[in-house]
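S.K.: Offset between the sequence shown (1-based) and the numbering used here: plus 84.
Here you go, one structure.
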Amino acid sequence: MSARRDTNAGGGWLGLYVLGYLVFLYLPVLLIPLFSFNNSIQAAFPLQGFTLDWYRTLYGNPALSGALANSLVIGVIAASGATLCGITVSYMDLYGRSPLAAAISAIARLPILIPGVIVGISLLILVNLIGLGPSRISIVLGHILVALPTTVVVMR
85 MSARRDTNAG
95 GGWLGLYVLG
105 YLVFLYLPVL
115 LIPLFSFNNS
125 IQAAFPLQGF
135 TLDWYRTLYG
145 NPALSGALAN
155 SLVIGVIAAS
165 GATLCGITVS
175 YMDLYGRSPL
185 AAAISAIARL
195 PILIPGVIVG
205 ISLLILVNLI
215 GLGPSRISIV
225 LGHILVALPT
235 TVVVMR
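Next up, the structure:
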(Lines of atoms letter the chains of each structure in order from A; the text may use other names.)
(Lines give C-alpha, C1' and ligand atoms only; values in the text may rest on other atoms or scores of the structure.)
Protein backbone atom coordinates (compact mmCIF):
# COMPACT_ATOMS: atom_id res chain seq x y z
CA MET A 85 0.00 0.00 0.00
CA SER A 86 1.43 3.37 -0.97
CA ALA A 87 1.61 6.23 1.47
CA ARG A 88 -0.58 9.24 0.79
CA ARG A 89 0.97 12.65 0.85
CA ASP A 90 -0.91 15.55 2.33
CA THR A 91 -1.54 17.86 -0.63
CA ASN A 92 -2.66 20.68 1.66
CA ALA A 93 0.68 21.00 3.46
CA GLY A 94 1.47 24.64 4.09
CA GLY A 95 -1.96 25.76 2.93
CA GLY A 96 -2.64 27.41 6.27
CA TRP A 97 0.34 29.72 5.92
CA LEU A 98 -0.52 30.54 2.35
CA GLY A 99 -4.10 31.37 3.30
CA LEU A 100 -2.89 33.56 6.15
CA TYR A 101 -0.44 35.32 3.83
CA VAL A 102 -3.14 35.94 1.20
CA LEU A 103 -5.54 37.24 3.88
CA GLY A 104 -2.88 39.61 5.25
CA TYR A 105 -2.04 40.80 1.75
CA LEU A 106 -5.69 41.50 0.93
CA VAL A 107 -6.24 43.35 4.22
CA PHE A 108 -3.12 45.44 3.58
CA LEU A 109 -4.29 46.16 0.04
CA TYR A 110 -7.96 46.95 0.65
CA LEU A 111 -8.10 48.39 4.18
CA PRO A 112 -7.13 51.92 3.06
CA VAL A 113 -9.81 51.79 0.36
CA LEU A 114 -12.40 50.72 2.92
CA LEU A 115 -11.37 53.53 5.29
CA ILE A 116 -11.97 56.31 2.75
CA PRO A 117 -15.77 56.32 3.19
CA LEU A 118 -15.31 56.33 6.97
CA PHE A 119 -13.09 59.42 6.78
CA SER A 120 -15.60 61.14 4.49
CA PHE A 121 -17.97 61.40 7.46
CA ASN A 122 -15.24 62.84 9.72
CA ASN A 123 -15.67 66.41 10.95
CA SER A 124 -11.92 67.11 10.74
CA ILE A 125 -10.10 68.17 7.59
CA GLN A 126 -7.35 65.63 8.27
CA ALA A 127 -7.94 61.95 7.55
CA ALA A 128 -6.57 60.66 10.84
CA PHE A 129 -7.65 58.81 13.94
CA PRO A 130 -9.30 59.57 16.31
CA LEU A 131 -12.29 60.80 14.34
CA GLN A 132 -13.48 64.24 15.46
CA GLY A 133 -17.21 63.83 14.86
CA PHE A 134 -19.89 62.90 12.36
CA THR A 135 -20.79 65.30 9.54
CA LEU A 136 -22.33 65.33 6.08
CA ASP A 137 -20.78 68.70 5.19
CA TRP A 138 -18.37 67.20 2.65
CA TYR A 139 -21.29 65.74 0.69
CA ARG A 140 -23.23 69.03 0.89
CA THR A 141 -20.15 70.77 -0.50
CA LEU A 142 -19.94 68.21 -3.30
CA TYR A 143 -23.53 68.68 -4.43
CA GLY A 144 -23.51 72.43 -3.79
CA ASN A 145 -20.47 73.07 -5.98
CA PRO A 146 -21.34 72.92 -9.69
CA ALA A 147 -17.74 72.19 -10.71
CA LEU A 148 -17.50 69.17 -8.41
CA SER A 149 -20.93 67.79 -9.34
CA GLY A 150 -20.13 68.29 -13.02
CA ALA A 151 -16.85 66.42 -12.59
CA LEU A 152 -18.67 63.59 -10.80
CA ALA A 153 -21.29 63.37 -13.57
CA ASN A 154 -18.57 63.48 -16.23
CA SER A 155 -16.67 60.66 -14.50
CA LEU A 156 -19.81 58.53 -14.25
CA VAL A 157 -20.69 59.05 -17.92
CA ILE A 158 -17.15 58.22 -19.05
CA GLY A 159 -17.05 55.18 -16.78
CA VAL A 160 -20.36 53.76 -18.02
CA ILE A 161 -19.50 54.32 -21.68
CA ALA A 162 -15.98 52.89 -21.28
CA ALA A 163 -17.21 49.84 -19.34
CA SER A 164 -19.90 49.17 -21.93
CA GLY A 165 -17.48 49.59 -24.82
CA ALA A 166 -14.82 47.40 -23.22
CA THR A 167 -17.41 44.72 -22.47
CA LEU A 168 -18.74 44.70 -26.03
CA CYS A 169 -15.25 44.66 -27.55
CA GLY A 170 -14.10 42.04 -25.03
CA ILE A 171 -17.02 39.73 -25.83
CA THR A 172 -16.33 40.09 -29.55
CA VAL A 173 -12.59 39.44 -29.26
CA SER A 174 -13.13 36.51 -26.86
CA TYR A 175 -15.69 34.92 -29.16
CA MET A 176 -13.35 35.37 -32.10
CA ASP A 177 -10.47 33.98 -30.04
CA LEU A 178 -12.40 30.85 -29.07
CA TYR A 179 -14.19 30.11 -32.33
CA GLY A 180 -12.11 31.87 -34.98
CA ARG A 181 -9.51 29.67 -36.62
CA SER A 182 -7.81 32.21 -38.86
CA PRO A 183 -4.43 33.87 -38.32
CA LEU A 184 -6.23 37.23 -38.36
CA ALA A 185 -8.33 36.18 -35.34
CA ALA A 186 -5.19 35.15 -33.46
CA ALA A 187 -3.47 38.44 -34.34
CA ILE A 188 -6.43 40.56 -33.22
CA SER A 189 -6.65 38.61 -29.96
CA ALA A 190 -2.94 39.11 -29.31
CA ILE A 191 -3.17 42.83 -30.06
CA ALA A 192 -6.20 43.17 -27.77
CA ARG A 193 -4.28 41.59 -24.88
CA LEU A 194 -1.04 43.48 -25.54
CA PRO A 195 -1.73 46.61 -23.40
CA ILE A 196 -1.73 44.51 -20.23
CA LEU A 197 1.99 43.85 -20.77
CA ILE A 198 2.94 47.50 -21.27
CA PRO A 199 3.31 49.77 -18.22
CA GLY A 200 0.41 52.17 -17.73
CA VAL A 201 2.58 55.28 -17.90
CA ILE A 202 3.88 54.24 -21.32
CA VAL A 203 0.34 53.53 -22.55
CA GLY A 204 -0.86 56.89 -21.23
CA ILE A 205 1.93 58.92 -22.80
CA SER A 206 1.57 57.03 -26.08
CA LEU A 207 -2.18 57.66 -26.15
CA LEU A 208 -1.66 61.35 -25.42
CA ILE A 209 0.81 61.63 -28.30
CA LEU A 210 -1.51 59.67 -30.61
CA VAL A 211 -4.66 61.70 -29.89
CA ASN A 212 -2.72 64.93 -30.37
CA LEU A 213 -1.30 63.69 -33.68
CA ILE A 214 -4.71 62.73 -35.08
CA GLY A 215 -6.29 65.95 -33.85
CA LEU A 216 -8.62 64.67 -31.11
CA GLY A 217 -6.74 66.37 -28.30
CA PRO A 218 -7.71 65.78 -24.69
CA SER A 219 -11.43 65.31 -25.32
CA ARG A 220 -14.11 63.09 -23.82
CA ILE A 221 -13.86 60.72 -26.80
CA SER A 222 -10.12 60.27 -26.35
CA ILE A 223 -10.57 59.63 -22.62
CA VAL A 224 -13.24 56.98 -23.31
CA LEU A 225 -11.05 55.32 -25.95
CA GLY A 226 -8.11 55.30 -23.53
CA HIS A 227 -10.21 53.72 -20.80
CA ILE A 228 -11.48 51.09 -23.23
CA LEU A 229 -7.92 50.33 -24.33
CA VAL A 230 -6.76 49.91 -20.73
CA ALA A 231 -9.77 47.76 -19.73
CA LEU A 232 -9.89 45.61 -22.87
CA PRO A 233 -7.16 43.07 -21.99
CA THR A 234 -8.73 42.29 -18.63
CA THR A 235 -12.15 42.03 -20.25
CA VAL A 236 -10.86 39.64 -22.91
CA VAL A 237 -9.18 37.41 -20.33
CA VAL A 238 -12.25 37.35 -18.07
CA MET A 239 -14.70 36.73 -20.92
CA ARG A 240 -12.58 33.97 -22.39
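Positions of the beta carbon are idealized from the N, C-alpha and C atoms, including for glycine.
Within the chosen definition, does the segment 194-208 reach the segment 129-139 through at least 3 CB pairs nearer than 8 Å?
M.R.: Cβ pair count under 8 Å is below three, so no.
S.K.: Which residue from Phe121, Pro146, Pro233, Tyr179 puts its Cα closest to that of Ala190?
M.R.: Closest option to Ala190, Cα to Cα, is Pro233.
S.K.: Can you list, in chain order, the residues of its chain with a C-beta nearer than 6 Å to that of Leu142? Leave out the 5 residues immediately preceding and following it.
M.R.: Leu148, listed in sequence order.
S.K.: Would you mind giving the Cβ-Cβ distance between Ala227 and Ala153, rounded to the nearest angstrom? I have them listed as a contact below 8 Å.
M.R.: Ala is not the amino acid found at residue 227; the sequence shown has His there. So it is not a contact: roughly 16 Å between Cβ atoms.
S.K.: Along the alpha helix (DSSP H) that carries Pro233, what are the first and last residues, could you check?
M.R.: Here the alpha helix (DSSP H) through Pro233 covers 220-239.
S.K.: Taking the alpha-carbon positions, what's the Gly96 to Tyr105 distance?
M.R.: Approximately 14 Å, taken between the alpha carbons.
S.K.: Nearest CA to the CA of Pro117: which residue from Phe134, Tyr101, Phe108, Val107?
M.R.: Residue Phe134 is the option with its Cα nearest to Pro117.
S.K.: Do you know offhand how far Leu114's Cα is from Gly99's?
M.R.: Cα-Cα distance, rounded: 21 Å.
S.K.: Please state the DSSP three-state secondary structure of Ala134.
M.R.: Rather than Ala, the amino acid found at residue 134 in this sequence is Phe. Looking at Phe134 - three-state DSSP - the assignment turns out to be strand.
S.K.: Work out the CA separation of Leu131 and Leu111 for me, nearest whole Å.
M.R.: Roughly 17 Å between the two C-alpha positions.
S.K.: For Leu103, count neighbouring Cβ atoms within 10 angstroms of its own Cβ and tell me buried if that reaches 16, exposed if not.
M.R.: Classification of Leu103: exposed, given that the 10 Å Cβ count is below 16.
S.K.: Per DSSP, Asn81 is paired with what?
M.R.: Only positions 85 to 240 of the chain appear in this structure, which leaves residue 81 out of reach.
S.K.: Verify whether the separation of the beta carbon atoms of Ile158 and Val224 is less than 7 Å.
M.R.: Yes, they are a contact pair.
S.K.: Please state whether DSSP places Ile198 in a helix, a strand or coil.
M.R.: Ile198: coil per DSSP, three-state reduction.
S.K.: Going by C-alpha to C-alpha distance, which of Phe119, Gly144, Val230 sits closest to Pro199?
M.R.: The shortest Cα separation from Pro199 among Phe119, Gly144, Val230 belongs to Val230.
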